[in-house]
Structure formats: structure tokens, C-alpha cells
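For reference, the structure is listed below as C-alpha cells.
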Amino acid sequence: MGQVTPPNHEPVSGNIAHDIARIKKIFDRSSDIIFREFQIGGSQGAAIVFLDGMVDTLIVDTDIMEPLLRYGEQMTQKSGLTLTGLESLLRKQVISASQISTSGQIQDVVDHILRGDTVLLIDGVDKALYISARGWGMRAVEEPATEAVIRGPREGFTEDLVTNITLIRRRLRTPQLKFEGIQLGRLSKTDVAITYLDGIADEALIEEVRKRLNRIDIDAILESGYVEELIEDSSFSIFPQINYTERPDRIVANLLEGKVAVLIDTTPFALFLPVTFFEMMQASEDYYQRYVVSTLIRLLRYMFLIIALLLPSLYIALLTFHQEMLPTSLLLSAAASRESVPFPAIVEALLMEISFEALREAGVRLPRPVGQAVSIVGALVIGEASVSAGIVSAPMVIIVSITGIASFIIPSYSQAITIRLLRFPMMILAGTLGLYGVLLGLLFILIHMARLRSFGVPYLSPLAPFHASDMKDVLLRVPWWGMTNRSTETGKSNPRRMKGSLRPRPPRRGG
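With UniProt numbering applied, the sequence shown corresponds to residues 1 to 511, in that order.
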């Protein structure tokens, strides 16, 4: 790759021919840059510069070109303005675009052109006017594709940062909501917004987020995953320490808990931090439906989390090393089904699990209608054919199917992938050391999780360290009137969520 020519840092000269020549040199071999030269008042030379496809040409025609061409002659004849006064009058009275700024550096001219603004150059004026006329095509606000909504708002983030900020503003109409803008990427110059609630989020957490983001020095930021890997606490851990979502309501809920969100232009996924293991097991719908239903669903999730991680390992360990722990009838049935299988249980399980993961990945990568058919038909055909050919046993197909279903119940996709990956070393430990290997693997996982931090917050909080007040929203979900305080770890600046007791009081009977 050739070396990228850095933009010119010289000031705007006021000689329109010279400035345009410098801009053309910087944008050499760029066919999408448009130069439109004209005259204001019949004698004053001017030019607009913009990138084709990045601006709304209707705004350029009606709010910039038409006023300049129509009223230019009257302005110069009636007011007898100096060139500097002409620039000020154009900005304050003539151009009807909503956002206009000025600067005298070629570097700023280049940056604004690349950002989608229209640049106005006036002959004899050593400043450029930057007029906001951005109008590139963007996706409409629609239901999130990766987070199914049962009950709740059906709006999802888009790839436009301004739209995403607006979706959050609609839900939090308070001046306490702050958006701090920075740019990341030497070439992409991607707009990033640090989002938090002033007075609720801990100032130390906000400063730490600022410091980690400002430390990033990379060519380009193309998606939120870049930022996630560059700012997380433990890069080599398999567990996600920053969560992401497409749902504005979920971001708002976490902001109200004292957390910080990071919105990134060109991606619909917003990051929020810090997070804990137990928060990864929670879904937005837990707070939109009755607390009894939410509690039962959470208990179901944790039960299937254990199944997704341990079921194949326990099956391998029991069949290989601990047959005496199985009931006689079940042992005889399993032995009969494995009579024609040429592989030990560990090899059989690894073959089936790897095949299942390959089918799942193929279903994700293919077009949606084709992918669903391939994953379903592939699983049925391969499973039935493998049993008929005596390569795997029928109980193993059942074990792998239940395990696959269990992994789909975990709400966080990144956490579900972690459990899916941990399943393989657990199976190897079970095939070599039996239940002792399973116990050893669990101890290693728990010790690693206990050492993890997400922006200073312990990953197993509020269980380790134990916070009794926060246990209302872990395995159980108490009614809203019972959750009077925010999380101990993230709500230190403003721990109280509601005023007084909002517990419903039924009317008294009798006179």
C-alpha cells in the first residue's frame, strides 16, 4: 500500500484558484469530489466544494446556491460591504442552512468535506464557511434483528450516530444526559459519543472511559468490536467484559443504573459498561413483565446454562469412568446403544459437537431463508444417518441436541459463545479425568471469573463480593417497588432510585 498524503496544514489563502488547486491536489484521483464555481453579485468569485453522495443536493441547491445567486447582487450593491463583512452577512442573513461554522485552515476544510459538509470559499476572504448539508442514504429505524422483542419498544439503533442519539434523547428528556464526542481512527475519523447521566454515573468511571478511548491510536474503527477489544480490562479472557445491544431502551436502563455507554458511528451496536456475569443472563423483557414470570424464566436460564456447559461432560465422565453411578436400566440401555459405535464416548461427543457448531455457523452465514433450511435439514439428516450407520449412538444425539437448545436460551450472544467454547475443554477433561476433571474445570472457571474486572467492577458481583441489597435482581427479580436502590458497584454517586415507598396499598374495607 502507498503512503497516504497528509492533508495540508497551511491556512486558507483567500485566492480561490490557489485554494481549489490545493484541495484538488489533496483529493487527487478522487472522482466523487465536486467543485462548483460561481459569482456572488456578478463580480465576487466563490466556489462550493463537497463530496458527491455525502450531501443532500436539494439542500445545496435551495439553501445555499439559490440564496447566493438570487441575493448576491443586491447585497454587494446596497450595503457596500467589505469582503469580511460579506462573509459575515452570508453566514448570518443569506444562507438558510441550520448549521454554519467558519475556519481558516485547509486541514479543517478537508475534514469538513470528508464529514459530509459543504464548504464555501469566497475570493479575497481568508476563511471558509462550512455548511451542514449532509444527506447520505441510511437505514430506517426498525426492529432489532439480533434481539427479539416480546414486550417492549420495537425501535433499534441504526448506523447513523445522530439518529441513535435522538432515540436515547426521546427516552431521557433531561439535561443530565451527556454526550461527549470524540473521533477515533487516523484514517476513518469515526465519530464516537461517550454517553452517561451526570450526577448518577461515577465520575471516576467516566474519566476511566475517556482515558481508555483517548489512548486508542489505530488506522480505522469500522465496528464497535474494535473499540471493545481495545478498552476491555483483560484482553486474553474468553468472557466478555463489555456488553453491546441494538436496543435504545436497554441502553437507557443501564444509564439509569450509573453505567456509561459508547455510541459509535456506522454501526447499530452500542456498548455499555461495566457489566457482570449475572447481568449477561438478564433480558430487557425481565423488567417489562410480571416479576413472578421474570423470576421463573431467570431460574430456567440458569438451569439451562449449567446444562449447556456440563451436560456432555457429565455424560462422557459417567459412561467412561463412573458407570456405577448410573441406574442399571439406564446403563444397560446406554451400553446397548453404543454396542456398534467404534469410538469412545469422548471422540463421539467431539464429532457431534463440532458438526453441530459447523451447521450452526453455516446457518448464520448463508442467506436467512436458505440458512434456516440448511441448519434444520442438516441436523436431521446427519443425526439420523450417523445413528443408522453406527457412527454415533442415539443418546449422544439427544445430549448434543439438548445442549444446543440450552445455549440458545442465554440472552447475551457473546456470553452464549463463551459457554459454547468452554464446553470443549470441559469434555476433554471429563474424557481424561472423569468427574474429577469436570470439578477441576469448574474450579478453574470460577477462579478466573472471580479475578476478572470490568472497569473496576468485580465480574461476579454482587455474589463475590457479596452485596445482600443487590441480590434482589440476580436469580430473583423483586417487584419494581422493592428495587429502591441502584447497584452498589455502579450507583455510588446517587444510590437512591425512587423516593419513599411505592408499594401499592389496597384500600381498607368497611366504614
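Using N, Cα and C, we set each Cβ at its ideal position, and we do this for glycine too.
As the structure is a computational prediction, the values presented were derived from the model and not from experiment.
Delimiting residues of the alpha helix (DSSP H) encompassing residue i
i	result
Ile-206	203-214
Asn-254	248-256
Tyr-291	291-320
Tyr-226	224-231
Phe-179	First-last for Phe-179: 177-184, but that is the beta strand (DSSP E), not the alpha helix (DSSP H).
Val-107	Position check: residue 107 holds Gln in this sequence, whereas Val was assumed. It spans 106-115 - the alpha helix (DSSP H) in which Gln-107 sits, taken as one unbroken run.
Glu-361	345-365
Asn-164	161-169
Thr-403	394-408
Ala-334	328-337
Own chain residues within Cβ distance below 8 Å of residue i, not counting five before or after
i	result
Ile-402	Ile-307 and Leu-311
Met-281	Arg-298, Arg-301, Tyr-302, Leu-305, Ile-410, Pro-411, Ser-412 and Gln-415
Ala-406	Phe-304, Leu-305, Ile-307, Ala-308 and Leu-311
Lys-78	Because the pLDDT at Lys-78 is just 49, under 50, the model does not fix this residue reliably, and the point stays unresolved.
Glu-143	Val-149, Arg-154, Glu-155 and Gly-156
Boundaries (first-last residue) of the beta strand (DSSP E) holding residue i
i	result
Lys-24	From DSSP, Lys-24 is part of no beta strand (DSSP E) but of the alpha helix (DSSP H) over 16-26.
Arg-154	Where Arg-154 is concerned, there is no enclosing beta strand (DSSP E), given that its DSSP letter is neither H nor E.
Glu-142	Premise fails: Glu-142 is in no beta strand (DSSP E) and is neither H nor E.
Ser-101	100-103
Gly-45	44-51
Asn-243	243-245
Glu-37	33-40
Val-192	190-197
Thr-174	No beta strand (DSSP E) contains Thr-174, which DSSP labels as neither H nor E.
Leu-90	It is not in any beta strand (DSSP E) - Leu-90 carries neither H nor E in the DSSP assignment.
Phe-272	270-273
Ala-128	128-131
Leu-263	260-264
Arg-119	Reading off the sequence shown, one finds Val at residue 119, where the question assumed Arg. Unbroken beta strand (DSSP E) run through Val-119: 118-122.
6 Å CB neighbourhood of residue i in its chain, flanking five on each side removed
i	result
Asp-52	Asp-32 and Ile-34
Asp-160	Met-138
Gln-176	Leu-197, Asp-198 and Gly-199
Gly-14	Gly-124, Val-125 and Asp-126
Phe-444	none
Tyr-315	Ile-399
Residue i vs residue j beta-carbon contact at 8 Å
i	j	result
Ala-283	Ser-493	no
Asp-286	Arg-477	yes
Thr-490	Glu-208	no
Phe-356	Val-400	yes
Arg-503	Trp-481	yes
Gly-185	Asp-219	yes
Pro-479	Tyr-291	yes
Phe-50	Val-109	no
Ile-346	Thr-328	no
Phe-157	Ala-270	yes
Thr-267	Ser-224	yes
Leu-114	Val-94	no
Ala-430	Ser-501	no
Ala-317	Leu-435	yes
Pro-248	Ile-168	yes
Ile-242	Leu-273	yes
Gln-39	Ile-122	no
Gly-441	Pro-462	no
Val-12	Ile-106	yes
Glu-246	Glu-147	yes
Leu-330	Gln-323	no
Gly-116	Met-54	yes
Same chain, Cβ closer than 7 Å to residue i, five either side skipped, listed in chain order
i	result
Met-483	Lys-472, Asp-473 and Arg-497
Ile-165	Phe-179, Ala-193 and Leu-263
Arg-36	Ala-47 and Ile-48
Gly-2	Because the pLDDT of Gly-2 is 45, which lies under 50, any placement of that residue in the model is unreliable, and the question is left without a value.
Gly-404	Phe-356
Quick one: which unbroken beta strand (DSSP E) runs of 3-plus residues sit fully inside the segment 428-477? Chain order, please.
-> none
Specify whether the segment 252-271 and the segment 165-172 touch according to this definition: at least 3 beta carbon pairs, one from each stretch, less than 8 Å apart.
-> yes
Three or more C-beta pairs closer than 8 Å, one from the segment 184-202 and one from the segment 260-267: is that the case here?
-> yes
Would you say the segment 128-135 touches the segment 55-66, given that touching needs at least three Cβ pairs under 8 Å?
-> Under the 8 Å Cβ criterion, the segment 128-135 counts as touching the segment 55-66, having at least three qualifying pairs.
Do the segment 331-338 and the segment 418-425 make contact, defined as three or more Cβ pairs closer than 8 Å?
-> no
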